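Undergrad: Right, I'll just put the structure down here and ask away after.
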Amino acid sequence: MRTRSVCQARLVGVLCTLACTAWGCASTTLRQATPPLRSPARYTATPLAGPIRTVVIDAGHGGYDQGTAHFGLKEKHLALDIAKRLRAELQDAGLSVVMTRETDQFIPLGGRPAIANRLDADLFVSVHINANRNRRVSGIEVYYPRESVVASSAEWPPAVQPTEVATPSWTMKQVLWDLVLGRTRSQSRRLASSILRTMRNDLQVSVRGPKPARFVVLREAWMPAVLVEVGYVTNQIEAQRLASAEYRQATAQSIASGIISYIREVGAQHI
Ligand SMILES: [Zn+2]
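All residue numbers for the sequence shown refer to my numbering, where the first residue is 919 and numbers rise by one.
As structure tokens, then:
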């Protein structure tokens, strides 16, 4: 798309974006260097079978917490845009989808997995944009929970009756949740691998992971949970890509493909 920004006429290249404070400015001022994208496979041919029906999508940051911001792009806006596109893709595939936020609002970290826990959702997917002091660093990373920490006020795991526990204590509750969540963590890793695979193939970018992490949004989710860092906004090439609606759409489709292929795997094992 030809630029129409006044700022391009005054500033050169990357510096131009420093003057752009409004969301969307950078998308018209960064040089277009988006490589051709491979069209992700569509997935509506066969209805999804298996136990996974509800996915909670978490757009990172929001409100006064803008996340990382470079080249005139703000993480909170990019994450929400990709999350909404991802919702549409998953709904097209027949899944029920709930967003932790649909607008530019702040939600505390712990409140995000709590939404998924309350809904008894089957998957939790958080979308973020990465940053690094070294501007050459680029690529996609997908994280899964290293460990889960259950708050003392948490419910007992489903299927456990407190009256059946000899010494009901927080330690006992933690041990029982560890048993439940240990399996969940291995599923999280599989989900992360599946998303990385499709993103590497579809978007032609380097990928790292899956990586374990102690992010609050992951460790407090009681279902398979992943956090996708869809690229480095500090890297000029990736910022250019992320500024493009076409690339954000391809990213959302690719994440959706990864989620759906994971669901198909789980469904196949469930039969
Ligand atoms: Zn973030």
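Heads up, the beta-carbon is just placed ideally off N, CA and C, and yes, glycines get one too. Just so we're clear, the structure is a prediction, and the values are computed from it rather than from any experiment.
#1: In the DSSP assignment, find the unbroken beta strand (DSSP E) run with E1156 in it and report its ends.
#2: Rounded to the nearest angstrom, what separates Q1092 and V1068 at their Cα positions?
#3: From the DSSP output, in three-state form, read off L998 for me.
#4: How about G981 and D1022: are their beta carbons less than 8 Å apart?
#5: Closer than 5 Å from C-beta to any heavy atom of ligand 1: which residues, in chain order?
#6: Once DSSP output is grouped into helix, strand and coil, what is the label at E1020?
#7: Determine, using beta carbons only, whether K992 and Y1061 come nearer to each other than 8 Å.
#8: Considering only the beta carbon of each residue, do A997 and T1152 sit closer than 8 Å?
#9: Would you check if the region 1111–1127 and the region 1168–1175 touch, i.e. whether three or more CB-CB distances between them fall below 8 Å?
#10: What is the DSSP secondary structure of I1047, reduced to helix, strand or coil?
#11: What three-state label does DSSP hand S1111 in the structure shown?
#12: According to the neighbour-count rule (16 or more other Cβ atoms, all chains shown, within 10 Å of its Cβ), is P1063 buried or exposed?
#13: Measuring CB to CB, does I912 end up less than 8 Å from E1147?
#14: Spell out a yes or no on whether the region 1001–1014 and the region 971–981 are touching, meaning 3 or more CB-CB pairs, one atom from each, closer than 8 Å.
#15: Flag this pair as yes or no: are the beta carbons of M1117 and G1176 separated by less than 8 Å?
#16: Is the region 1027–1036 close to the region 1134–1142, with three or more CB pairs under 8 Å?
#17: Does DSSP put P1063 in a helix, in a strand, or in coil?
#18: Measuring only the C-alpha atoms, how far is Y1180 from L1041?
#19: Can you give me the C-alpha to C-alpha distance between R1182 and Q1079, rounded to a whole angstrom?
#20: Let me know the secondary structure DSSP gives I975 once reduced to three states.
#21: Can you tell me whether I1025 is helix, strand or coil according to DSSP?
#22: Given this structure, state the Cα-to-Cα distance separating A1084 from R1101, to the nearest angstrom.
#23: Keeping to the same chain, check which residues put their C-beta closer than 6 Å to that of R1036; ignore five residues upstream and five downstream.
TA: Working from what's here:
#1: What you label residue 1156 is simply residue 238 of the sequence shown in a count that begins at 1. Careful: E1156 lies outside any beta strand (DSSP E), inside the alpha helix (DSSP H) at 1154–1160.
#2: Taking the first residue of the sequence shown as 1, we reach residue 1092 at position 174. Taking the first residue of the sequence shown as 1, we reach residue 1068 at position 150. Taking the straight line joining both Cα atoms gives about 6 Å.
#3: Sequence index remark: in the sequence shown, residue 998 carries index 80 (1-based). It is helical.
#4: Numbered from its first residue, the sequence shown carries residue 981 at position 63. Numbered from its first residue, the sequence shown carries residue 1022 at position 104. Contact flag set, yes.
#5: G978, G985, H1046
#6: Translated into positions along the sequence shown, residue 1020 becomes position 102. DSSP places E1020 in coil when its eight states are reduced to three.
#7: Within the sequence shown, numbered from 1, the residue matching residue 992 stands at position 74. Within the sequence shown, numbered from 1, the residue matching residue 1061 stands at position 143. Their beta carbons are not under 8 Å apart, which means K992 does not touch Y1061 by this criterion.
#8: As a first step, residue 997 must be located in the sequence shown, where it is residue number 79. As a first step, residue 1152 must be located in the sequence shown, where it is residue number 234. Not closer than 8 Å, so no.
#9: yes
#10: As a working mapping, residue 1047 is identified with position 129 in the sequence shown. I1047 falls in the strand class under three-state DSSP.
#11: Position 193 of the sequence shown, counting from 1, holds the residue named residue 1111. Residue state, collapsed to three classes: helix.
#12: For the purposes of this step, residue 1063 is taken as residue 145 along the sequence shown, with counting starting at 1. So P1063 ends up on the buried side.
#13: Here the chain covers residues 919 to 1189 and nothing more, so residue 912 does not appear.
#14: yes
#15: Working through the sequence shown from its first residue, we reach residue 1117 at position 199. Working through the sequence shown from its first residue, we reach residue 1176 at position 258. In contact: M1117 and G1176 (Cβ atoms closer than 8 Å).
#16: yes
#17: Position 145 of the sequence shown holds residue 1063. In this structure, P1063 counts as strand in the three-state DSSP scheme.
#18: The residue labelled residue 1180 in the question sits at position 262 within the sequence shown. The residue labelled residue 1041 in the question sits at position 123 within the sequence shown. Rounded to whole angstroms, Y1180 to L1041 spans 11 Å at the Cα level.
#19: By 1-based counting over the sequence shown, the position of residue 1182 is 264. By 1-based counting over the sequence shown, the position of residue 1079 is 161. So the alpha carbons of these two residues sit roughly 33 Å apart.
#20: Looking up residue 975 in the sequence shown gives position 57. It is a strand residue.
#21: One-based indexing of the sequence shown puts residue 1025 at position 107. Of the three classes helix, strand and coil, the one that applies to I1025 here is coil, per DSSP.
#22: To locate residue 1084, count along the sequence shown from 1; it is residue 166. To locate residue 1101, count along the sequence shown from 1; it is residue 183. Approximately 24 Å, taken between the alpha carbons.
#23: Locating residue 1036 in the sequence shown gives position 118, where the first residue counts as 1. Taken in chain order, the list of residues that qualify is empty.
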